[in-house]
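Protein chains in written order, with the numbering used here: chain A, 101 to 335; chain B, 10 to 200; chain C, 436 to 492.
Cβ coordinates follow ideal geometry from the N, Cα and C atoms, glycine included.
No experiment lies behind these values; they were computed from the predicted model shown.
Here's the structure, in C-alpha cells; my notes come after.
In C-alpha cells, the structure reads:
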C-alpha cells in the first residue's frame, strides 16, 4: 500500500513540475509540440530509472562525505550515453530538443530523487519512485504541450520519432484563422505554466481545506459524544 | 565590430536566457523576492558564467579536441563548473568576508545551473572564436541581471497586490514573466 | 583503445579535482559575521546547491 502511495505521489500530490517547480527549464522549452514532450519525457524517465538503480545499488559503497559529487558524475555519464543514443536513433528529435537533452543532467528532479530517495532505499523502491516521478513529469509535460500545440497551431500531430516523415496521426482541431500563435512562443510557455501551476495549487489547496474541515468536524463530533456520555453518567 | 555588438545585444536582450531560452529559472524564481538579493545573484551569475566559459573553452580546444575525446565534454564541463564554484567560494571565504557577504552566498545556487551549462555548451555548438565567446559570455549574464532585478522589483509590488489566493507566489510570478517575455520579444526587430 | 584510456585518465583527474575542491570548501568555515546568512532563496529543492541541508549533514 505504501509503495503504491509513493508511486502515485508523483502525479498530483507532489507533482515535480507544477508543485515542486523542479526541472522547469526543460518543461518551458520543450513543451512546444507533443513529439518533443514525449521524447524529452522518455529520455528523463530512462535517465531517472538508470540513475536511481545505480545509486541505490551503490548506496553502501559510496563514502558519505562525497556522495553528491559522485552522484553528479554518474548522472553526467548516463546523460552523455542517452544523448548519443538519441543522436543515433532519432536525429529529428535531437535537432528539435537540441541542447536540452544535455541539460537533463542539471534537471533538479534526477539529482533530487537520487539524494532524497535512492540513496536510502532498496532497488525495487527506487525503481518505483523513478517511474512515478518520471511519469508525473512526462504527464505534466504532455499536458502543457497539448495545450500549447492545439491553441498555438491548431493541429494535433504526432510523427514517428524514429522516422520523421511518418505521421502517425494529425487532426486539425482549430482552423488556422483562429489559432493564437502566442502559445507556440516564449510568452505562451510562461502563461500556460503559470495557469496550470495555479490550478494545481488550487486543487491541492481545496483538497487540503476539505480534509482539515473534515478532521475538525470529526473532532467536534467526538468531543460532543464524550460530553454527552459524561452527562449521561452524571444523571 | 558590428557583428560583435549584434551578438552582445542578442545575447543580453533578444535571446535573453531567461525570457527566451528558459534556462536559469531555478535561481530566478527562488532569489527574486527581494531586489537586494537579486543584485547579488546577478553579480554571482556574471562571475560564474564568465569564468566557467573561459575555462571550459580552453579545456575543450586544448585538451578534448586534440586528444579526440569530444564526447567527454558534458562530464568535463559539469565537473569544471562545479569545481570552479567550490574553489572560488573557498577562496572568497578565506580572503574576503565582505565579498562573501555580498555574493558568496549565492554562488552555490548556481553550481549546476541550467544557465551556466547552457552558455558553456552553446559556445562550443555555435563554434565561436575566442572574441565571440567572450562577448557572448558577458552578454548573457548582463541580460540575466537585468531581468532578475526588474522582476524582483515587480515581485515586491505583487506581494502587496490582491492576487487570487492560490495564484500567490510562483504562479502569478510566471504570468508576469509571460508579460515580460512579450515585451522583450518585441525587441527582435532591433538588429 | 588509446582513446578510451585518455578519456578515463582525464575523467579521473577531473573527478579528483572536483572532490578535492568540494571537500576543501566543505571544511572551510564561514567567516565570522556570516554564520547565519541565508541566500534568502526558495530553491531548496535544488540538491546541487551548497546551502541545501544535504551538504552539511
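Cutoff 7 Å: residue 305 of chain A Cβ touching any chain B Cβ:
So yes, residue 305 of chain A belongs to the interface.
From residue 74 of chain B to residue 297 of chain A, what distance separates their C-alpha atoms?
Cα to Cα, residue 74 of chain B sits roughly 44 Å from residue 297 of chain A.
Under 8 Å between beta-carbons, which chain C residues line up against residue 167 of chain B? List them in chain order, please.
What residue 167 of chain B touches in chain C, judged by beta-carbon distance under 8 Å, is nothing: the nearest beta carbon there is about 15 Å away.
At which residue ranges does the region 24–54 of chain B contain complete alpha helix (DSSP H) runs of 4 or more residues, listed in the order of the chain?
Listed in chain order, they are 34–40.
For residue 449 of chain C, would you say it is in contact with chain B, using Cβ-to-Cβ distances shorter than 7 Å as the test?
It does; some Cβ of chain B falls within 7 Å.
Backbone CA spacing between residue 91 of chain B and residue 278 of chain A [nearest angstrom]
When only Cα atoms are considered, residue 91 of chain B and residue 278 of chain A end up about 48 Å apart.
For residue 265 of chain A, which of helix, strand or coil comes out of DSSP?
Coil.
Taking the continuous alpha helix (DSSP H) assigned at residue 120 of chain B, which residues delimit it?
Here residue 120 of chain B belongs to no alpha helix (DSSP H), and DSSP marks it neither H nor E.
Taking the C-alpha atoms as reference points, what is the distance between residue 261 of chain A and residue 191 of chain A?
About 8 Å.
Extent of the continuous alpha helix (DSSP H) run through residue 183 of chain B
Membership of residue 183 of chain B in the alpha helix (DSSP H) is indicated by the continuous run 179–194.
Starting from residue 255 of chain A, follow its DSSP beta bridges and name the residues at the other end.
Its beta-bridge partners are A:272.
Since residue 294 of chain A and residue 187 of chain B should fall inside the 8 Å C-beta cutoff, what is the C-beta to C-beta distance between them, to a whole number of angstroms?
Going by Cβ atoms, the distance from residue 294 of chain A to residue 187 of chain B rounds to 7 Å, so yes, they are a contact pair.
According to the neighbour-count rule (16 or more other Cβ atoms, all chains shown, within 10 Å of its Cβ), is residue 328 of chain A buried or exposed?
Classification for residue 328 of chain A: exposed.
Rounded to a whole number of angstroms, what is the C-alpha to C-alpha distance between residue 129 of chain B and residue 123 of chain B?
Approximately 10 Å between the Cα atoms of the pair.
Please compile the residues from chain B whose C-beta is within a distance smaller than 7 Å of the C-beta of residue 446 of chain C.
Identification of chain B residues near residue 446 of chain C by a Cβ-Cβ cut-off of 7 Å yields 81 and 84, ordered along the chain.
Under three-state DSSP, which class holds residue 102 of chain A?
It is helical.
Given this structure, state the Cα-to-Cα distance separating residue 237 of chain A from residue 18 of chain B, to the nearest angstrom.
Cα to Cα, the separation comes out at about 34 Å.
Proximity to residue 89 of chain B [Cα-Cα], best of C:443, C:464, C:451 and C:465:
With distances taken between Cα atoms, residue 89 of chain B lies closest to C:451.
From what residue to what residue does the alpha helix (DSSP H) around residue 200 of chain A run?
Taken as a continuous stretch (DSSP letters only), residue 200 of chain A belongs to no alpha helix (DSSP H), as it is neither H nor E.
Counting pairs of beta carbons, one from the region 265–275 of chain A and one from the region 144–163 of chain A, are three or more of them closer than 8 Å?
Judged by Cβ distances under 8 Å, the region 265–275 of chain A makes no contact with the region 144–163 of chain A, as fewer than three pairs qualify.
Using a beta-carbon distance below 7 Å, is residue 88 of chain B in contact with chain C?
With 7 Å as the cut-off, residue 88 of chain B counts as an interface residue toward chain C.
Contact between the region 47–55 of chain B and the region 307–321 of chain A: three or more CB pairs below 8 Å?
In short, these stretches do not touch, since the Cβ pair count stays below three.
Under 8 Å, with one C-beta from each stretch per pair, do the region 206–223 of chain A and the region 135–143 of chain A reach the 3-pair mark?
Verdict: no, contact absent.
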